[in-house]
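Going by our numbering, 116 is the number at position 114 of the sequence shown; the sequence numbering is gapless. Idealized CB from N, CA, C, for every residue including glycine. As the structure is a computational prediction, the values presented were derived from the model and not from experiment.
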Amino acid sequence: MANILEAKFLKEYCATAANMYRLGWDERNGGNISYLLTEEEVKEVLDVNNVLRLIPLGFDAKELSGRYFLVSGTGKYFKNFVGDPENNVGVFRISADGQNAELLWGYKDGGRFTSELPAHLMSHIARLKADPQNRVVMHTHPTNLLAMTYVHELDTNKFTHTLWEMNTECIVVFPDGVEVLPWMLCGTNEIGEATAEKIGSCRTVIWSMHGIYCAGKDLDETFGLVETVEKAAQVYMMASSVGIKNRITEDQLKQLAKRFNLTYRKGIIAE
Ligand code: 2HA
Ligand code: ZN
Numbered sequence: 003m004a005n006i007l008e009a010k011f012l013k014e015y016c017a018t019a020a021n022m023y024r025l026g027w028d029e030r031n032g033g034n035i036s037y038l039l040t041e042e043e044v045k046e047v048l049d050v051n052n053v054l055r056l057i058p059l060g061f062d063a064k065e066l067s068g069r070y071f072l073v074s075g076t077g078k079y080f081k082n083f084v085g086d087p088e089n090n091v092g093v094f095r096i097s098a099d100g101q102n103a104e105l106l107w108g109y110k111d112g113g114r115f116t117s118e119l120p121a122h123l124m125s126h127i128a129r130l131k132a133d134p135q136n137r138v139v140m141h142t143h144p145t146n147l148l149a150m151t152y153v154h155e156l157d158t159n160k161f162t163h164t165l166w167e168m169n170t171e172c173i174v175v176f177p178d179g180v181e182v183l184p185w186m187l188c189g190t191n192e193i194g195e196a197t198a199e200k201i202g203s204c205r206t207v208i209w210s211m212h213g214i215y216c217a218g219k220d221l222d223e224t225f226g227l228v229e230t231v232e233k234a235a236q237v238y239m240m241a242s243s244v245g246i247k248n249r250i251t252e253d254q255l256k257q258l259a260k261r262f263n264l265t266y267r268k269g270i271i272a273e
């Protein structure tokens, strides 16, 4: 059996977390990533019949029973994943009754998955219905986006409009826009349900005064989505603090939509 430490999925996962840390998005234990693995990927490096322990999920995840996930550990720091994955992340399968995580590897110091697991798994369920190719849910605290939630109106349509105006590529990368949730208590099933309800139709959900949830088919694509939203927020914070004089107009957004054949979110720009 191949060494899990050499598995592409684990190396890429740890490298992504390191990148996010380097960008200043994941201070201390901030952020968490869940990665849906295929059974083939897992079987190459782990004995799937060797369950190390059962960890109760605290909610019903029956829709995902039998599915395998790589998930960051609670209280763990993104900056440490590359150097010591076995203590910081874990691979588990959702039990047949949907009540437990069957740990196959990781959380070696007796730890467990992130406190945000409800939001992650509920989001996976919603995304898989919208796109069977979806494999990643990423939560992080991008600095400029966070700052923007303190100074911009917390309205989904207005927030999306502003972000689309801040960089020409925005409407191309996230034509589905962003959903803005009000501040809610993190780590709860309630914020998980609210996130999942939005993320099915919109891959980017902003948690006001906290951070962002993005979903995608692989780590690069999901990271790129967060990066693009964060860059637009950075331009907004820089430009608005000096005074915005120029804008990408709605007509120009429509030109982009036509050029790239985009199905973009309705209700943001006038038809
Ligand atoms: O895991 O980011 O929202 C740390 C967090 C909680
Ligand atoms: Zn967080």
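Residue i bridges to which residues according to DSSP?
i: H141; result: N34 and Y215
i: A103; result: I57 and I96
i: P39; result: A small correction: the amino acid at residue 39 is Leu; Pro does not occupy that position in the sequence shown. Answer is Y70, bridged to L39.
i: V2; result: The chain is shown only over 3 to 273; residue 2 falls outside these bounds and no answer can be derived.
i: V91; result: S74
i: G226; result: Paired residues: none, contrary to the question.
Starting from residue i, trace the beta strand (DSSP E) both ways and give me its first and last residue.
i: L183; result: E181 to L183
i: I193; result: I193 -> not in any beta strand (DSSP E); alpha helix (DSSP H) instead, spanning N191 to I201.
i: W209; result: T206 to W209
In this structure, how does DSSP classify residue i when only helix, strand and coil are distinguished?
i: F83; result: coil
i: I127; result: helix
i: V231; result: helix
i: V153; result: helix
i: Y70; result: strand
i: V47; result: coil
i: F262; result: coil
i: F115; result: strand
i: G77; result: coil
i: G269; result: coil
Since residue i is in the alpha helix (DSSP H), which residue starts that stretch and which ends it?
i: M3; result: Careful: M3 lies outside any alpha helix (DSSP H) and carries neither H nor E.
i: Y23; result: K10 to R24
i: C172; result: C172 to V175
Please report the Cβ distance between residue i and residue j, rounded to the nearest whole angstrom; I am assuming they are in contact, meaning their Cβ atoms lie under 8 Å.
i: S125; j: F71; result: Actually they are not in contact, since the Cβ atoms of S125 and F71 sit about 12 Å apart, beyond 8 Å.
i: R95; j: R69; result: 7 Å
i: N5; j: E118; result: Not a contact, Cβ separation roughly 29 Å.
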